[in-house]
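Scroll down for the structure; my scribbles are underneath it.
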Amino acid sequence: MDQATKAEQFAALHRKGNPVIIYNAWDAGSAKAIAESGAKAIATGDHPVGFSHGFTEDDFDGFTFDTYYQTIQEISRRVGELPFSVDISNAEGLDHEGLKKRISLVLDTGVVGVNFEDRLSDDSGVLSIEEHCKRIAAIRSAADNFGVPLFINARTDLFFLADNRDHESLMDEALERQKAYQKAGANGFFAPKLLDINLIQQLSEASTLPVNILRLPGAPSTAELRDAGVSRISYGPVVQMEMIEWLKGKAKEAFDR
């Protein structure tokens, strides 16, 4: 299957009432295990990959795109038969031309989807709608030039950066961003840390793009999210964090004997 066809297949997996489940990998081995467990698509992100290389939030600035890119290549080689999506965060430090070049590099590995967020690098808020739309348009332009209908999952961190009690008041802006991001070239709308099932349903019903929700601890169940009209459910870093805690526990058990 060629890359363009695989991208179309990935887009088709995003269906209301039958969401695609994204169980994030952090290296080629974990990706292969997830693929062998019945995954319909594979995804990774810079934070899981960085943590697998020993970085923490305190020194994450030292984790380079070159190292991340190498892991993307390794995962793609091992599970290339499945659609593969990667998180490119906010592509900090890149202008529009630099962003296009990075997307071309990522596409060259066989990737068919990206998550792209609107969060400011200092976590003080989100980019203006106008500026983020320009960046989404740059990604779409690069993908079009490459000849692949890349699935751009536009992530808004409006909810992630706000207190849960303020989420309802952010719904109008979230929908405004969804419509603008779609016009700029986005294919999906990702709203991590939105946990209230009524707000999730409201967003899913009003959105003209497939809605992606992050399955954090305390989030609604898969069945509830499905019934609310969500089209994609991501587990993000939760899987890796649970594995690390399991490993710590088993190691401690062995050392204490």
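Residue numbers (the working numbering): 3 to 259.
A virtual CB, placed ideally from N, CA and C, is assigned to each residue, including glycine.
From the DSSP output, in three-state form, read off residue i for me.
| i | result |
| --- | --- |
| D89 | strand |
| A221 | coil |
| V81 | coil |
| A45 | strand |
| H16 | coil |
| A208 | helix |
| G100 | helix |
| E38 | helix |
| S67 | According to the sequence as given, residue 67 is Phe; it is not Ser. Here F67 sits in helix by DSSP. |
| E76 | helix |
| G31 | helix |
| T111 | coil |
| A230 | coil |
| L197 | coil |
| D4 | coil |
| E59 | helix |
| E10 | helix |
Does the beta-carbon distance from residue i to residue j come in below 7 angstroms?
| i | j | result |
| --- | --- | --- |
| Y70 | V51 | yes |
| A188 | I131 | no |
| I246 | I23 | no |
| V113 | A9 | no |
| G47 | D89 | yes |
| A13 | F153 | yes |
| E59 | S91 | no |
| L163 | L172 | no |
| L211 | Q184 | yes |
| A144 | K102 | yes |
| I77 | A30 | yes |
| A230 | L197 | no |
| N214 | N155 | yes |
| A33 | V81 | yes |
| L177 | A225 | no |
| N26 | A45 | yes |
| P194 | H49 | no |
| R157 | N117 | yes |
| V241 | S206 | no |
| A37 | L84 | yes |
| C135 | A186 | yes |
| H169 | A140 | no |
| R228 | P21 | yes |
By the DSSP assignment, the beta strand (DSSP E) with residue i in it spans what residues?
| i | result |
| --- | --- |
| G115 | 115-119 |
Note the first and the last residue of the continuous alpha helix (DSSP H) segment covering residue i.
| i | result |
| --- | --- |
| V240 | 240-257 |
Using DSSP bridges, identify the partner residues of residue i.
| i | result |
| --- | --- |
| L216 | S236 |
| V51 | Per DSSP, none; premise fails for V51. |
| I23 | I235 |
| V128 | R121 |
Using a threshold of 6 angstroms, is the CB atom of residue i nearer than that to any non-hydrogen atom of the ligand SAM?
| i | result |
| --- | --- |
| R179 | Among the ligands in the structure shown, none appear at all, so the ligand SAM cannot be discussed. |
Practice task
Let me know the alpha helix (DSSP H) ranges lying completely inside the region 132-194, each 4 residues or longer, listed in chain order.
Solution key: Listed in chain order, the complete alpha helix (DSSP H) runs (minimum 4 residues) inside the region 132-194 are 173-186.
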